[in-house]
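Colleague: The structure that follows is given in the form of structure tokens.
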Amino acid sequence: MKIAEIIVDVPTRQTNKTFDYKIPETLEAVIKPGIRVIIPFGPRKVMGFVVGIKEETAITNSALKKISEAMDVFPVLTDELLDLGKWIAEETISFYIITFQAMLPQALKVKYHKQIELLTDNKEELPSSIAAIMADRDLIDFDEFQQRNGNYSQLLKAAQEGLLEISYMVKSKATKKTILYLTPIKEIQAFDEALQDIPLQAKKQRIIVEHFLYNPESIPQKELLEKFQTTAGSINPLIKLGLIKKEYKEVYRDPFKNKDLERTYALPLAVQQQEAINPILKAIQKVQHEVFLLHGVTGSGKTEVYLQAIEQVLNNGKEAIVLVPEIALTPQMVNRFKGRFGKKVAVLHSALSKGEKFDEWRKIQQKKVQVVVGARSAIFAPFENLGIIIIDEEHETTYKQDEQPRYDAKEVAKYRARYHNCPVVLGSATPTLETFARAKKGVYHLLELPHRMNEGPMPAVEIVDMRNELHRGNRTMFSEKLMEEIKIRIARQEQIVLFLNRRGYSTFVMCRDCGHVMNCPHCDIALTYHKSSHLLKCHYCAYETGMPATCEECESDTIRFFGTGTQKVEESIQQLIPEARVIRMDVDTTRKKGAHETLLKKFGGHEADILLGTQMIAKGLDFKNVTLVGVLAADAMLHFADFRASEKTFQLLTQVSGRAGRHELPGEVVIQTYTPEHYSIEMASKYQYNQFFAHEMKVRKTFHYPPYYFLTLITISHQNQIRVMEVGKMIRQLLTKHLSERATVLGPTPSPLVRINDRYRYQCMVKYRDEPNLKEIIRKILTHYHDEMKKNDLSIQVDFEPNHLM
DNA sequence: AGCACGCCGACT
DNA sequence: GTCGGCGTGCTC
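Its first residue numbered 121, the first sequence is counted upward by one per residue in our numbering.
The following block contains the structure:
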């Protein structure tokens, strides 16, 4: 007898292992590793992933249960992805089931339905309260039973007596969209003959028969009915005659259906691009795993290198994965891939609906496409013949998931590429220190694109010291220089991008009389004023409150706004340059689906002079009319207590600067800062990546940070601050005791944000170079606190190689 | 997660 | 003596 090893959909420590089930003979042909099944688990039914098939089991035969149902016909996880999932679960200390779910589209998750099913015909046998709820029905949802205050112990008793059954339904959320087609099933002559027989007054029927006579193909019923302005009434007789049949065909929801993209062809490569692509093509041809770092300044033509490398891969009959950060922000990028490879491309990104994502995924599973362009999770595209993996803007932190499982798509890419013997290309103008260090050491193959494609110079950058502005009595957030440049562009009908990394109106609200600052009652953070809604909002939890007229401490009415957010900037531009048309892009204006694209399209069509935005406008935008980029507060992120603050600032400034002067018109950048002497601002303004790298590496070495040391961050949180500190101290002790002397254990220290959502957060950090036992020790610590975590809402989060320390 | 089991106090 | 509170441990 065949036995299946199954990971069940119950995310707990105790169930994080395989369970053995008998495969019923009827299912033997279908059940394979990677198939989802429904199984009895304890008293209920749950979904599970088959991860292995074997002949024998250590479980006594009487305890062994049978698989109830198969949920898939074809495996949703390939053997490769099953192995990968297991590896990720172990690397990140996550449950297997969580990892498998993370590798699949949301739509493949299941819902559980608990129901009460009546078994007896005679309702009189039931306790009266239950009979009342059931009324004249034989089946009700358990939810309803609970809502109407049903008596649970009576219900259990009735179930034991066999009067009713508590049943568990596992429901698939996946919906395949189908369309009703009409298909001719007789030869043309039959239609000709039918025309003789159908009475003349049945005009519409005759028209339809004629249609099929000349177009003997399947056609959606809806389309046919619309074409001839008729109803299903004139179709049915033809079906009775056996001329045509109704047939449901699966269709894919196409998020791009309303777009006509012009087909593009390979562009001639510049010398530097040719030199960069050759080693990649060689690796593709030799079916050899190798990691390339494509280090190219903004506008140097990295995308064309990607496109032509993929073309080679497709010619070899293989497939390609392209990861881009938060793809919804870069429709321009997606359009380039769609334009080049057309129907061969599937797109997976967060702006798609669940159904749309599922459809795109199915196109991959069914081998209908060969290229995937997508955000982080697209790295799990179920291709079986990968020829290349490309990760654009590799320095972006979004490639690491910041919840369980905390996988890093870059590491997953390398794992998959090793399996498939194919190259990985990491592309960036500002690679992370880790990546660039590996490239310099020769672990990665470094490819450089030092020049812009248009042969133009990088835009000139001017740093403005805002302290001087203040001394000169300029109290606006615009320096004279920036204001002047903005006015020039507007007069010349050129466009401007303004960048400010803070949304809302003001960053804090303070009483001038007593100095009281309005804080979030649940988090240790100042509330941000949002003018449009006249609300004070917390950016870390959902808290919001009306703006008070007087100070809540001293009742003075001199409450003032401090700090600047995008809303306030928008307002002042309107005041200072009334004729300027501004588009504001931040989380608040792009919440709606498709809002990104609409706003960018407007800007692209020159319906506005200024694009003002946060983070989200820093990446990938390419507008030929933009000749000025203004960074309003370059030091905003510099003062975060984070060892990557300098690196992030350098990357951001370089990326933003790259938005200017990408085409014929020369670009200019104005950076406003209060710390113009800081090396990351100074070097970014001169595009000195290598100098910045050298300088920052020294800093990292001195302070024992990556890439010289590995980091592991353990964050403990609980409502009770004392308990958090106690647990933190204990964890520190355990780590110090079991790790080697070469490892440093720091903490527990309060997180940069001590309290979020009424929970105190403390962290311990481990710095190390080689601690093979670290994972095992942490696992033991987690086991030790397992009960308290379950019962007392204690949380211990482990983040290996964290992106930030927040 | 859900549920059974089993050990304790409160009650007919 | 029994009912029900919740702490503990198991689910192939």
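Cβ atoms here follow ideal geometry from the backbone N, Cα and C, with glycine treated the same way.
Residue 443 and residue 827 look like a contact to me (Cβ under 8 Å); what is the Cβ gap, rounded to whole Å?
Modeller: Residue 443 to residue 827, Cβ: 21 Å. No contact.
Colleague: Do you know how far the Cα of residue 173 is from the Cα of residue 190?
Modeller: Approximately 14 Å between the Cα atoms of the pair.
Colleague: Do you know how far the Cα of residue 485 is from the Cα of residue 617?
Modeller: In a straight line, the C-alpha of residue 617 is about 41 Å away from that of residue 485.
Colleague: Pull the bridge partners of residue 882 from the DSSP assignment, please.
Modeller: Bridge partners of residue 882: 836 and 870.
Colleague: Count the C-beta pairs between the region 256–269 and the region 235–244 that are closer than 8 Å, then say yes if the count reaches three, no if not.
Modeller: The region 256–269 vs the region 235–244: in contact.
Colleague: Rounded to the nearest angstrom, how far is the Cβ of residue 615 from that of residue 745, given a contact under 8 Å?
Modeller: So it is a contact: roughly 5 Å between Cβ atoms.
Colleague: When you compare only the Cα positions, how much space is there between residue 547 and residue 432?
Modeller: Computed Cα separation, rounded: 18 Å.
Colleague: What does DSSP give as the partner residues of residue 745 in its beta bridges?
Modeller: In DSSP, residue 745 forms no bridge with anything.
Colleague: Between the Cα of residue 208 and the Cα atoms of 572, 886 and 531, which residue gives the shortest distance?
Modeller: Nearest option by C-alpha distance: 531.
Colleague: Determine the extent of the beta strand (DSSP E) in which residue 670 is found, giving its start and end residues.
Modeller: Element bounds for residue 670: n/a, residue is neither H nor E.
Colleague: When we look at the beta-carbon of residue 248 and count the other beta-carbons within 10 Å, is it buried (16 or more) or exposed?
Modeller: Its Cβ having fewer than 16 others within 10 Å, residue 248 is exposed.
Colleague: Relative to the alpha-carbon of residue 913, which residue among 899, 854, 836 and 898 has its alpha-carbon at the smallest distance?
Modeller: Measuring from the Cα of residue 913, the nearest candidate turns out to be 836.
Colleague: Rounded to whole angstroms, how far is the Cβ of residue 457 from the Cβ of residue 465, which I believe are closer than 8 Å?
Modeller: Sure, about 5 Å apart at Cβ, within 8 Å.
Colleague: Counting pairs of Cβ atoms below 8 Å between the region 624–641 and the region 850–866, do you hit three or more?
Modeller: The answer is no - the region 850–866 does not touch the region 624–641, with fewer than three Cβ pairs under 8 Å.
Colleague: Would you mind listing the beta strand (DSSP E) stretches within the region 160–218 that are 3+ residues and don't spill past its ends, in chain order?
Modeller: List check, beta strand (DSSP E) in window: 164–174.
Colleague: How about residue 159 and residue 179: do their beta carbons lie closer than 7 Å?
Modeller: Against a cut-off of 7 Å, the Cβ pair of residue 179 and residue 159 comes out as no contact.
Colleague: Starting from residue 803, trace the alpha helix (DSSP H) both ways and give me its first and last residue.
Modeller: Residue 803 -> alpha helix (DSSP H) spans 799–805.
Colleague: Could you pull the DSSP bridge partners for residue 254 from this structure?
Modeller: Paired residues: none, contrary to the question.
Colleague: Are the beta-carbon atoms belonging to residue 203 and residue 156 less than 7 Å from one another?
Modeller: Contact flag unset, no.
Colleague: Taking all protein chains shown into account, do 16 or more other C-beta atoms lie within 10 angstroms of the C-beta of residue 755, making it buried, or fewer, making it exposed?
Modeller: Residue 755 comes out buried.
Colleague: Per the contact definition of three or more C-beta pairs closer than 8 Å, is the region 210–219 in contact with the region 144–152?
Modeller: These segments do not touch.
Colleague: Am I right that residue 223 and residue 500 are in contact with their C-beta atoms under 8 Å? What's the rounded C-beta distance?
Modeller: Indeed they touch by this definition, with Cβ atoms about 4 Å apart.
Colleague: Mind checking whether residue 544 and residue 509 have CB atoms under 7 Å apart?
Modeller: Yes, these two residues count as a Cβ contact at 7 Å.
Colleague: Beta strand (DSSP E) containing residue 680: first to last residue?
Modeller: Unbroken beta strand (DSSP E) run through residue 680: 679–682.
Colleague: Measure how close the beta-carbons of residue 860 and residue 891 come, nearest whole angstrom, since I'm counting them as under 8 Å.
Modeller: The pair is a contact, with the Cβ atoms about 6 Å apart (cut-off 8 Å).
Colleague: Using the C-alpha atoms, what's the distance from residue 647 back to residue 640?
Modeller: Answer to the nearest angstrom: the Cα atoms are 6 Å apart.
Colleague: In the structure shown, what three-state DSSP assignment does residue 222 receive?
Modeller: In this structure, residue 222 counts as helix in the three-state DSSP scheme.
Colleague: Could you compute how far the alpha carbon of residue 598 sits from the alpha carbon of residue 752?
Modeller: About 7 Å.
Colleague: Whose CA, out of 423, 875, 410 and 771, lies closest to the CA of residue 394?
Modeller: For residue 394, the nearest C-alpha among the options comes from 423.
Colleague: Looking at C-alpha atoms only, which residue of 886, 842, 595 and 783 is the closest neighbour of residue 829?
Modeller: Nearest C-alpha to residue 829: 886.
Colleague: If residue 474 and residue 279 are in contact, beta carbons under 8 Å, what's the gap, nearest whole angstrom?
Modeller: The pair is not a contact, with the Cβ atoms about 35 Å apart (cut-off 8 Å).
Colleague: Mapping DSSP to helix, strand and coil, what is residue 403?
Modeller: Of the three classes helix, strand and coil, the one that applies to residue 403 here is helix, per DSSP.
Colleague: Per DSSP, residue 367 is paired with what?
Modeller: DSSP, once it has assigned bridges, lists 301 as partnering residue 367.
Colleague: If you drop the 5 nearest sequence neighbours on each side, which residues of the same chain put their C-beta closer than 7 Å to that of residue 390?
Modeller: Same-chain partners within the cutoff: 421 and 573.
Colleague: Quick check on residue 718: buried or exposed, where buried means 16 or more other Cβ atoms within 10 Å of its Cβ?
Modeller: Exposed: under 16 other Cβ atoms inside 10 Å.
Colleague: Under three-state DSSP, which class holds residue 847?
Modeller: Residue 847: helix per DSSP, three-state reduction.
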